[in-house]
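Enquirer:
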Amino acid sequence: MLYVPAVSSSPLSFPQKTPALLQYKHPLQLQYGSAHPSCRIIDELQKTLALSMQRLESSALHSGQYSSAVVECEDEDDDDKENIPDESDYEDLPSLYRDEEQEEEEEDEDEDSLFSSTLALKVLRADSLAVKLSNRPSQRELQEKNILPVQTDEERLQSRQMIGSKLTRYTHTHVRTHTS
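No gaps in the numbering here: position 139 of the sequence shown is 172 in our numbering, and each next residue is one more.
What follows is the structure in structure tokens.
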């Protein structure tokens, strides 16, 4: 059974399962009201980041990687001790074995956050592509480093004409062989 929140008519508020929304009070419930679209995207990204950080911390705790990271941080910066948790805080954590009910709750949460995480991943990919393209060297820089040959306008025009004639010949011979 699907439940669509009546509060928001936003395209970002996706259908969610009733048990996860009503019974478990899922923290990523999307209710934006009349916020500006870019604000909604930022809110969505922040929620997704917080959720992924939670998962990263919990997986690091269970694998034992977190305690070594805490020790390294304590060695580097003694002034910031109040923000670093002690290892004794994690001794009382539950074991790796969990109830089936807890696993079902986590599966429901994973399904609910699927839409928000895919949106965040798309934005993240677009941002990383923009960064890569902005860091790309210009044509002049490549010519200065002798990576691209320096060409005059005439040479550039000749090479384009050669490529055009080769493509024309290829398409004419290719079309004849496939239509026959």
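Beta carbons are placed, not taken as given, at the ideal position from N, Cα and C, and that holds for glycine.
Contact between the region 159-173 and the region 82-92 is defined here as three or more beta-carbon pairs at a separation below 8 Å; is this criterion met?
Expert: Touching, no, given that fewer than three Cβ pairs across the two stretches are closer than 8 Å.
Enquirer: Alpha carbon to alpha carbon, how far is Thr151 from Gln79?
Expert: Their Cα atoms are separated by approximately 13 Å.
Enquirer: Rounded to whole angstroms, what's the CA-CA distance from Met195 to Asn179? Just pull it up for me.
Expert: For Met195 and Asn179, the distance between alpha carbons rounds to 23 Å.
Enquirer: With H, G and I counted as helix, E and B as strand and the rest as coil, what does DSSP make of Ile74?
Expert: Correct three-state label for Ile74: helix.
Enquirer: Tell me the residue span of the alpha helix (DSSP H) that contains Arg173.
Expert: Segment Gln172 to Glu177, the alpha helix (DSSP H) holding Arg173.
Enquirer: Using the Cβ count rule (16 or more neighbours within 10 Å means buried), how would you classify Ala153?
Expert: Result: buried.
Enquirer: Is it buried or exposed for Thr204, if we count other Cβ within 10 angstroms and need 16 for buried?
Expert: When all chains shown are included, Thr204 counts as exposed.
Enquirer: Would you kindly check if the distance between the Cβ of Ser192 and the Cβ of Gln184 is under 9 Å?
Expert: Yes.
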